[in-house]
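Here the structure comes first, spelled out in structure tokens, and everything after it is commentary.
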Amino acid sequence: MDASAMVELPTYEYAPPWLPPAERAHHQDYNNDLQDFMARSVTLVRDKVSDA
Numbered sequence: 000m001d002a003s004a005m006v007e008l009p010t011y012e013y014a015p016p017w018l019p020p021a022e023r024a025h026h027q028d029y030n031n032d033l034q035d036f037m038a039r040s041v042t043l044v045r046d047k048v049s050d051a
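Here it is, written out as structure tokens:
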């Protein structure tokens with residue numbers, strides 16, 4: 000992957016100690032399901048060849 004296409008990720012935020020580990024999997028802020036954040040395909044269309 001080209002270095003210019005990379006993005007900087009925010010720092011990881013650990014779940015607070017009062018949120019039991021068993022409940023973290025279903026908590027919207029602290030689950031590890033990456034499907035909501037998977038990369039999407041983007042198609043760019045140029046009107047003219049000179050738009051490069």
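Residues in the sequence shown are numbered consecutively from 0, following numbering that gives the first Met the number 0.
Ideal Cβ positions, reconstructed from N, Cα and C, are used throughout, including at glycine.
All figures in this text were calculated on a predicted structure; none of them were measured in a lab.
Considering just the uninterrupted stretch of the alpha helix (DSSP H) at residue i, what are its terminal residues?
i   : result
P9  : From DSSP, P9 is part of no alpha helix (DSSP H); its letter is neither H nor E.
L23 : In the sequence on display, residue 23 carries Arg and not Leu. First-last of the alpha helix (DSSP H) with R23: P20 to R23.
Below 8 Å on the Cβ atoms is my guess for residue i versus residue j; work out the distance and round it to an integer in Å.
i   : j   : result
H26 : L18 : 6 Å
Closest by CA to residue i, which one among the options?
i  : options               : result
V6 : T42, K47, S49 and A38 : A38
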